[in-house]
Amino acid sequence: MASRTERLKKLGEVQEQLKAFHEMRRATALAEAAAAGREAAELAARFDALDSLTDLFPDLYARAVERALRRQDQKLASAHVEAGHVATQTARTNMVERSWREATRADERQAEDRATLEAVERTLITRK
């Protein structure tokens, strides 16, 4: 069975991957929100154009702008949720790393204690 230190190291790697996954999803949601915002702005700008068909189909353009703005709001909300996940994963990653460092120090102390004990035993055996 793997030692506690090894298990904590693997768990830390998994936590880092989860954190990166949520960061990627947040970045994607923000990019999609920005794209939807640009689309809404472009559609709204067409209302003012002289050669635009908005006079013939004003409802279609209004609904398209509304959909783009709604999509932007949804993506921003998704990005906000993912930001919460990133914060949670960051906290978990920090806890696992702290535990891993403590386990590593404990293993090192045990190894030093064993080495010291062996040295003392050798010294006592050679004196007899």
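In this note's numbering, the protein residues as written are 306 to 433.
Beta carbons: idealized from backbone N, C-alpha and C, even for Gly.
8 Å contact criterion, which Ala408 and Leu313 should meet: CB distance rounded:
As a first step, residue 408 is located in the sequence shown; it is residue number 103 there, counting from the start. As a first step, residue 313 is located in the sequence shown; it is residue number 8 there, counting from the start. Ala408 to Leu313, Cβ: 6 Å. Contact.
Sort Ala384, Arg351 and Asp360 by Cα distance to Val370 and report the nearest one.
Translated into positions along the sequence shown, residue 370 becomes position 65. The shortest Cα separation from Val370 among Ala384, Arg351 and Asp360 belongs to Arg351.
Extent of the continuous alpha helix (DSSP H) to which Leu381 belongs:
Stepping through the sequence shown from its first residue, residue 381 is reached at position 76. Pro363 to Arg432 is the span of the alpha helix (DSSP H), which, as asked, contains Leu381.
Are the stretch 416 to 428 and the stretch 354 to 370 in contact at 8 Å, needing three or more beta carbon pairs?
no
Taking C-alpha atoms, which residue in Arg414, Arg309 and Arg331 lies nearest to Val391?
To locate residue 391, count along the sequence shown from 1; it is residue 86. Considering only alpha carbons, the answer is Arg331.
Element boundaries [alpha helix (DSSP H), containing Leu335]
As a position in the sequence shown, residue 335 is number 30, starting the count at 1. Taken as a continuous stretch (DSSP letters only), the alpha helix (DSSP H) holding Leu335 covers Arg309 to Asp353.
Measuring straight from C-alpha to C-alpha, what distance separates Glu347 and Ala382?
Your numbering for residue 347 matches position 42 in the sequence shown. Your numbering for residue 382 matches position 77 in the sequence shown. Those two C-alpha atoms are separated by around 22 Å.
Is the stretch 373 to 387 touching the stretch 332 to 340, taking contact as three or more C-beta pairs under 8 Å?
yes
Please classify His327: is it buried, with 16 or more other beta-carbons within 10 angstroms of its beta-carbon, or exposed?
Here residue 327 corresponds to residue number 22 of the sequence shown, with the count starting at 1. Buried is the call here.
Given that a residue counts as buried once 16 or more other Cβ atoms are within 10 Å of its Cβ, and exposed if not, what is Ala373?
Here residue 373 corresponds to residue number 68 of the sequence shown, with the count starting at 1. Buried.
Nearest-angstrom beta carbon gap, Thr310 and Asp412 [assumed within contact, 8 Å]:
Reading the sequence shown from its first residue, position 107 is the one you call residue 412. Reading the sequence shown from its first residue, position 5 is the one you call residue 310. Yes, Asp412 and Thr310 are in contact; Cβ-Cβ is about 6 Å, under 8 Å.
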